[in-house]
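Per our numbering, the very first residue in the sequence shown carries number 97; after that it's consecutive.
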Amino acid sequence: MTNQRPDLRILPAAAWADHVAETLAGRVAADPSLCICLPTGSTPGPVYDALPGALATASGSFARSTIVLLDEYLGLPAGHPARCDAQLRRMLVDRLDPAPARLITFDVDGDDPAVACIAFDVAIDSIGGLDLVVLGLGMNGHVGMNEPGTPADAPTRIIDLAPSTIEAARGYGADPAPTRGVTLGIVEILAAREIWLLVSGGRKAAILAATLNGPVTPELPASLLRDHQGLRIIADAEAASEIPA
Ligand code: PGA
């Protein structure tokens with residue numbers, strides 16, 4: 097048990113995305129066979145926009161790397177633009193040249209999403225596990241689709257989505273919106289060597305402050321990551337504005 101404060105980096109909003117992209121590109125350049133789990137959503141968008149340029153500057157590439165998708169909706173057909181796999185391809189993977197060596201996603205088009213969860217974990221294990229998990233922070237404190245009420249020992253699994261997550265899916269063009277999803281579990285996130293929690297914008301200020309300074313509780317799943325030795329939080333100044341000095 098430790099109260100050690102995690103590695104918290106606060107950047108001006110205008111510099112935040114470039115900082116994250118440059119740091120990520122530097123990491124891939126230093127360790128080309130990295131296995132990295134990446135999120136979708138609005139937070140990483142500007143980071144992914146900057147990443148191809150940052151990779152070129154760092155002389156890095158994903159050509160030997162594995163990219164793992166963090167989570168996926170259930171009930172949307174293959175190719176639906178709101179699907180997380182479609183979002184990640186559009187936002188990043190299709191823009192990487194050379195393409196990543198491997199892309200691991202959830203096969204939610206089969207009969208049984210529970211089987212897809214097992215296959216997803218097996219695929220990650222078969223290449224030696226996750227080096228780095230990059231996460232956004234939900235307005236309700238979720239990470240991936242680990243919604244409030246998720247215990248620290250929750251594995252990769254099927255989950256009922258919180259109302260705000262369902263609304264977000266509607267915002268990505270899913271109507272009717274999905275009510276369930278599959279997500280990398282808290283157990284598997286905590287098993288990664290490094291975790292980067294990306295947080296931007298003033299609307300995340302209260303939940304980031306609670307993540308860092310409130311109780312460690314399943315009601316705020318991001319708080320469960322707080323004692324991980326490899327946790328780094330990269331926030332912009334607006335998102336960090338309510339963290340006590
Ligand atoms: P956002 O979502 O990046 O779209 O704000 C983050 C999340 O829900 O994990």
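For glycine and all other residues, C-beta sits at the position ideal for the given N, C-alpha and C.
Please report the straight-line C-alpha distance between Ala150 and Leu165, rounded to a whole angstrom.
21 Å
Distance check for Ala178 and Arg198, CA to CA, integer angstroms please.
22 Å
Below 8 Å, can you find three or more Cβ-Cβ pairs linking the stretch 301–309 to the stretch 138–157?
No contact exists between the stretch 301–309 and the stretch 138–157.
Please report the residue range of the alpha helix (DSSP H) in which Ile255 lies.
Not the alpha helix (DSSP H): Ile255 falls in the beta strand (DSSP E), residues 253–256.
From Met97 to Gly269, what distance separates their C-alpha atoms?
Reliability of the predicted coordinates at Met97 is poor, the pLDDT of 42 falling under 50, and no value is obtained from them.
Going by C-alpha to C-alpha distance, which of Ala125, Gly122, Val189 sits closest to Pro140?
Val189
Quick check on Asp181: buried or exposed, where buried means 16 or more other Cβ atoms within 10 Å of its Cβ?
buried
According to DSSP, simplified to helix, strand and coil, what is Leu199?
strand
Would the stretch 294–301 and the stretch 320–338 be scored as touching if the rule is three or more Cβ pairs under 8 Å?
yes
Any residue with its Cβ nearer than 5 Å to a heavy atom of the ligand PGA should be included. What is that list in chain order?
Having a Cβ closer than 5 Å to some heavy atom of the ligand PGA are Gly137, Ser138, Thr139, Gly232, Gly234.
Indicate the three-state DSSP secondary structure (helix, strand or coil) for Tyr169 in the structure shown.
strand
Hey, would you say Leu231 sits closer than 8 Å to Gly240, going by beta carbons?
yes
Can you give me the C-alpha to C-alpha distance between Pro108 and Ala121, rounded to a whole angstrom?
20 Å
DSSP beta-bridge partners for Ala52?
The requested residue 52 is not part of the displayed model; the chain covers only 97 to 341.
Alpha carbons only, please: which of Asp114, Gln325, Ala273 is nearest the one belonging to Tyr169?
Minimum Cα distance to Tyr169 is reached at Ala273.
Return no unless some Cβ of chain D is closer than 8 Å to the Cβ of Tyr169.
Structure shown: chain D not included; a single protein chain is present.
Considering only DSSP beta bridges, list what Ala107 is partnered with.
A small correction: the amino acid at residue 107 is Leu; Ala does not occupy that position in the sequence shown. According to DSSP, which records beta bridges pairwise, Leu107 is partnered with Asp332.
With respect to the beta strand (DSSP E) encompassing Arg93, which residues constitute its N-terminal and C-terminal limits?
The shown model of the chain, from 97 to 341, leaves out residue 93, and the question about it has no answer.
Just to confirm the assignment, what range does the beta strand (DSSP E) spanning Val230 have?
228–232
With H, G and I counted as helix, E and B as strand and the rest as coil, what does DSSP make of Val283?
helix
One question on the structure: do Ile254 and Ala210 come within less than 8 Å of each other, judged by their Cβ atoms?
yes
With 16 other CB atoms within 10 Å as the buried threshold, where does Ser296 fall?
buried
Which class does Leu294 belong to by DSSP, given the choice of helix, strand or coil?
strand
Can you tell me where the alpha helix (DSSP H) holding Ile132 begins and where it ends?
Ile132 -> not in any alpha helix (DSSP H); beta strand (DSSP E) instead, spanning 131–134.
How far does the alpha helix (DSSP H) with Val312 in it reach, from first residue to last?
That residue, Val312, is in no alpha helix (DSSP H); it is neither H nor E in DSSP.
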